[in-house]
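Participant: Using our numbering, read the sequence shown as starting at 18 and increasing by one per residue. Note that beta-carbon positions come from the ideal geometry of N, C-alpha and C, so glycine has one too. In this text the structure is predicted, and so the values were computed from the model without any measurement.
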Amino acid sequence: MIRIEALRYRYPGQREIAFADFSLSEGEPWLLLGQSGSGKTTLLHLIGGLLRSQQGQIIIKDTNISGLSEAALDRFRGQHIGFVFQRNHLISALSVRQNLLLAPYLAGVRQDAGRVEAVLEQLGISDKADVNVRELSYGQAQRVAIARALLNRPTVILADEPTSALDDNNCDKVIDLLLDASRLNNTTLVVATHDHRLKHKIPHQINLTQA
Ligand code: ADP
Ligand code: MG
18 MIRIEALRYR YPGQREIAFA DFSLSEGEPW LLLGQSGSGK TTLLHLIGGL LRSQQGQIII
78 KDTNISGLSE AALDRFRGQH IGFVFQRNHL ISALSVRQNL LLAPYLAGVR QDAGRVEAVL
138 EQLGISDKAD VNVRELSYGQ AQRVAIARAL LNRPTVILAD EPTSALDDNN CDKVIDLLLD
198 ASRLNNTTLV VATHDHRLKH KIPHQINLTQ A
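#1: To the nearest angstrom, how far is it from the Cα of L194 to the Cα of A35?
#2: Taking the continuous alpha helix (DSSP H) assigned at E138, which residues delimit it?
#3: Assuming I21 contacts D38 (C-beta within less than 8 Å), just tell me the rounded distance between them.
#4: Give every residue of the same chain whose Cβ lies closer than 8 Å to the Cβ of L201, excluding the five residues on either side of it in the sequence, and list them in chain order.
#5: Kindly provide the ranges of any beta strand (DSSP E) runs that are 3 or more residues long and lie completely inside the stretch 106-180, ordered along the chain.
#6: Note down the Cα distance separating A158 from R25, rounded to an integer number of angstroms.
#7: Hey, out of S109, R170, L196, whose CA is closest to L153's CA?
#8: Determine the DSSP secondary structure at A229, reduced to helix, strand or coil.
#9: Could you round the C-beta distance between L111 and V136 to whole angstroms and report it? I think they count as a contact, below 8 Å.
#10: In three-state DSSP terms, what is F102?
#11: Please go through the same chain and pick out, in chain order, the residues whose beta-carbon is closer than 6 Å to the beta-carbon of N187, but skip the five residues on each side of it.
#12: Quickly, what does DSSP pair E22 with across the bridge? List them, please.
#13: Throw me the rounded Cβ distance for the L61 and T210 pair, which I believe falls under 8 Å.
#14: How would you write the range of the alpha helix (DSSP H) that Q96 sits in, first residue to last?
#15: Could you give the DSSP three-state label for S53: helix, strand or coil?
#16: Report whether the distance from the Cβ of Q31 to the nearest heavy atom of the ligand MG is below 7 Å.
#17: Nearer than 7 Å: is that true of the beta carbon of D177 relative to any heavy atom of the ligand MG?
#18: Among I163, D177, A124, which residue has its Cα nearest to the Cα of S199?
#19: Would you check whether the ligand ADP has a heavy atom nearer than 7 Å to the C-beta of Y122?
#20: Could you compute how far the alpha carbon of Q52 sits from the alpha carbon of T226?
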C-alpha cells in the first residue's frame, strides 16, 4: 500500500536524511515516532507529494510517485491523500463549512456540499457548521481539520503531530476520531508524533531515530 525504498532527502545546506525502508498494508494505522528534527514532517511531506524525493522510491497503491510529473503528482495528491497538519491551517475569518468548501476549490476538485455535511456529521460537528473558525476550541478546530482531510475520501491520511498541543482528554478524542475515520473509510493512517501518549493507541510503529 505504502512502500518506501532507499529514500533520502537533503534540504539545501543541511545534512542528508536517510529513511529506513518500510512497507505498510492498506487500512492499517501506523505511528511514525522520532524526536524533534528526526525527519517525521519531511517524510510525511515526501509521502504526500508536497516534497519531491531526491533519491529513492515512494510507492503508493502501485504508483511510484517519485516518477510522476508535477501535474500528475498534484492530481494524485488530490485523489489519494488527506493531510492533517501540525497547525490546522484553517482560515479563521471563514465558517467551518466555508473552510471545508474551500479545500476542494483550491485543489481544483468539484465541491460537494453533501459530502461536507456528511463528514461534519461523522465527526460530530454539524452544529458548528456556520460558526466562525476563530470561535472554536483547539479540539474542535482539530476536528474540522480532520473533516477536511476526509473530504476527498483519501486512501491515505497523513497526520503531523495532530495531538501535540492538546490536553489528555482532547488528545484521546482526536486520535480516536482519526482511528475511527480510517477504519470506517478503510484509509491507511500515518500519524507522525513525538507524543508518547499515542504509543499504546497504535501498535504498528516506525521509529525514525533507529533509521
Ligand atoms: P521532525 O518533524 O521530526 O521534527 P523535520 O522533518 O521537520 O523533523 O526536520 C528534519 C530535519 O530537516 C531537521 O534537521 C530540520 O532542521 C531540517 N529541516 C526541516 N525543514 C527544513 C527546511 N524547510 N529547510 C531546511 N531544513 C529543514
Ligand atoms: Mg515535525
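Facilitator: Per the coordinate set shown:
#1: Taking the first residue of the sequence shown as position 1, residue 194 is located at position 177. Taking the first residue of the sequence shown as position 1, residue 35 is located at position 18. Take the alpha-carbon of L194 and the one of A35: they are about 32 Å apart.
#2: Within the sequence shown, numbered from 1, the residue matching residue 138 stands at position 121. Looking at the DSSP string, the run of the alpha helix (DSSP H) that includes E138 is 130-139.
#3: Taking the sequence shown and counting its residues from 1, one reaches residue 21 at position 4. Taking the sequence shown and counting its residues from 1, one reaches residue 38 at position 21. Yes, I21 and D38 are in contact; Cβ-Cβ is about 6 Å, under 8 Å.
#4: The residue labelled residue 201 in the question sits at position 184 within the sequence shown. Excluding positions up to five away in sequence, the list reads Q139.
#5: The stretch 106-180 contains these whole beta strand (DSSP E) runs: 173-177.
#6: Taking the sequence shown and counting its residues from 1, the one referred to as residue 158 is at position 141. Taking the sequence shown and counting its residues from 1, the one referred to as residue 25 is at position 8. Rounded to the nearest angstrom, the two C-alpha atoms are 34 Å apart.
#7: Counting from 1 along the sequence shown, the entry for residue 153 is found at position 136. Proximity to L153 across S109, R170, L196 peaks at S109, based on C-alpha coordinates.
#8: Residue 229 lies beyond the residue range present for the chain, which begins at 18 and ends at 228; the question has no answer from this structure.
#9: Here residue 111 corresponds to residue number 94 of the sequence shown, with the count starting at 1. Here residue 136 corresponds to residue number 119 of the sequence shown, with the count starting at 1. Rounded, the Cβ-Cβ distance is 16 Å, inconsistent with contact.
#10: Taking the first residue of the sequence shown as 1, we reach residue 102 at position 85. Reduced to three states, the DSSP call for F102 is coil.
#11: Here residue 187 is taken as the residue at index 170 of the sequence shown, counted from 1. G156.
#12: Position 5 of the sequence shown, counting from 1, holds the residue named residue 22. E22 pairs with Q74.
#13: Taking the sequence shown and counting its residues from 1, the one referred to as residue 61 is at position 44. Taking the sequence shown and counting its residues from 1, the one referred to as residue 210 is at position 193. The pair is not a contact, with the Cβ atoms about 11 Å apart (cut-off 8 Å).
#14: By 1-based counting over the sequence shown, the position of residue 96 is 79. That run of the alpha helix (DSSP H) goes 87-97.
#15: Residue numbering aside, residue 53 sits at position 36 when the sequence shown is read from its first letter. In the structure shown, S53 sits in coil (DSSP, three-state: anything other than H, G, I, E or B).
#16: Taking the first residue of the sequence shown as 1, we reach residue 31 at position 14. It does not: the Cβ of Q31 is nowhere closer than 7 Å to a heavy atom of the ligand MG.
#17: In the sequence shown, the residue the question calls residue 177 occupies position 160. Yes.
#18: As a position in the sequence shown, residue 199 is number 182, starting the count at 1. Considering only alpha carbons, the answer is I163.
#19: Taking the first residue of the sequence shown as 1, we reach residue 122 at position 105. No, Cβ of Y122 sits at least 7 Å from all heavy atoms of the ligand ADP.
#20: As a first step, residue 52 must be located in the sequence shown, where it is residue number 35. As a first step, residue 226 must be located in the sequence shown, where it is residue number 209. In a straight line, the C-alpha of Q52 is about 7 Å away from that of T226.
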